[in-house]
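Trainee:
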Amino acid sequence: MVIKIYFCFLLLALSVPLTADDNESIIQGHAHNDYYQKKPLKDALDCCFCSIEVDVYLVNGKFLVGHDRSELRKDITLESLYLDPLKERVRLGNGYVYAEKETLILLVDIKSEGEAAYSELRKLLKKYEDIISGMVQGKWKQGAVDIVISGNRAKEKISKDLDRKVGIDGRISDLGNMLPVNLMPLISDRWGSHFKWKGEGVFSVEEKKKLKKLVDRAHSENRRIRFWATPDKKSVWKELQLSGVDLINTDNLKGFSDFIRSQK
């Protein structure tokens, strides 16, 4: 798939303020592979999503955006497409991404080698310490944006970093590990690894109970939970919402936003 990003949009993103809409409330949408949207970042923010996902490869010291290496372009970077526009939006929003003053999750899915990528990301994020959450003098300081690392996560290296500015995207197998919530704020897992239902017919009582149990386990540790590769259907969105799933994966940002707001 060709990334739907154009150089003219990059110029637009850097020149037009991304301001928050005071009239809209944040919803539990997770913009899966957000860079495929017509207007990456902006579309998700316009829909007031609480979480945005971007895939990156470390190439010659830069984080290039794309799901596969064949999609990479040297002018489409984590900085230009996400970090710089977010920094400007937070500046215009008096320290927040949204008027509700809720923290936005930027899920950075590292596709290249994890340890090398984290070392470089650590240096890059120093430019954005005024907007991101992180450890400061041994304590976690909440910022406007939480950076959560997924994919090749370099878990040990991140865990030992006393000055880290990121969290780790955990798995269901990580529940019960007693790691600090700020180190592993999110639990994510593949939908098909736990459930057979694909949004057609009845969601069985057994699977409903299993879903609720997993959600409750994550919440008992004060961690959020998400499933990837969920069927992008209203029937599935509804069950995830009813079960208390915190981040609901979707590629259909406007459709999901309209659905969630119709439930209120």
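Just add 4 to wherever you are in the sequence shown, counting from 1, and you've got the working numbering.
For each residue, glycine too, the CB sits at the ideal point set by N, CA and C.
Since the model is a prediction, treat every value here as computed from it, not as a measurement.
1) Thinking just about the alpha-carbon of each residue, which of 96, 58, 237 is nearest to the one in residue 83?
2) So the alpha helix (DSSP H) residue 241 belongs to, where does it begin and stop?
3) In this structure, does DSSP put residue 187 in helix, strand or coil?
4) If you draw a straight line from the alpha carbon of residue 91 to that of residue 135, how long is it in whole angstroms?
5) Kindly indicate which three-state DSSP category residue 101 falls into: helix, strand or coil?
6) If we ignore side chains and look at the alpha-carbon of each, how far apart do residue 45 and residue 205 end up?
7) Return yes when the C-beta of residue 254 is under 7 Å from any heavy atom of the ligand FAD, and no when it is not.
8) Can you tell me whether DSSP reads residue 29 as helix, strand or coil?
9) Buried or exposed: which applies to residue 198, given that a residue is buried once 16 or more other Cβ atoms fall within 10 Å of its Cβ?
10) Kindly list the residues whose CB is nearer than 6 Å to the CB of residue 243, restricted to its own chain and excluding five residues on each side of it in sequence; keep chain order.
11) DSSP three-state label for residue 163, please.
12) Rounded C-beta distance between residue 47 and residue 257? I'm assuming under 8 Å.
13) Return the first residue and the last residue of the alpha helix (DSSP H) that residue 264 is part of.
14) Does DSSP classify residue 197 as helix, strand or coil?
15) Quick one: what does DSSP say residue 34 is sitting in, helix, strand or coil?
16) Taking 8 Å as the cut-off, decide whether the C-beta atoms of residue 172 and residue 153 are in contact.
17) Among 158, 101, 166, 165, which has the Cα closest to the Cα of residue 174?
18) Applying the 10 Å Cβ sphere with the 16-neighbour rule, what's the burial state of residue 246?
19) Taking 8 Å as the threshold (C-beta atoms), are residue 177 and residue 230 in contact?
20) Ignore the nearest five residues each way along the sequence and tell me which others in residue 201's own chain have a CB closer than 6 Å to its CB.
Mentor: The structure says:
1) Closest option to residue 83, Cα to Cα, is 58.
2) Unbroken alpha helix (DSSP H) run through residue 241: 238 to 247.
3) Three-state DSSP puts residue 187 in coil, outside helix and strand.
4) Their Cα atoms are separated by approximately 6 Å.
5) Residue 101 falls in the coil class under three-state DSSP.
6) Using only the alpha carbons, I get a separation of about 34 Å.
7) This structure lacks the ligand FAD; in fact it carries no ligand of any kind.
8) In the three-state DSSP reduction, residue 29 falls in the coil class, being neither helix nor strand.
9) Per the 10 Å Cβ criterion, exposed.
10) Excluding residues within five positions, the ones whose Cβ falls inside 6 Å are 207.
11) If DSSP states are grouped into helix, strand and coil, residue 163 belongs with the helices.
12) Cβ atoms of residue 47 and residue 257 come within 8 Å of each other, at about 5 Å.
13) It spans 257 to 266 - the alpha helix (DSSP H) in which residue 264 sits, taken as one unbroken run.
14) Under the three-state reduction of DSSP output, residue 197 falls in the helix class.
15) DSSP places residue 34 in strand when its eight states are reduced to three.
16) Yes, these two residues count as a Cβ contact at 8 Å.
17) Closest option to residue 174, Cα to Cα, is 158.
18) Looking at its Cβ environment, which holds fewer than 16 other Cβ atoms inside 10 Å, residue 246 is exposed.
19) When the beta-carbon positions are compared, residue 230 and residue 177 stay at least 8 Å from each other.
20) 207, 211, listed in sequence order.
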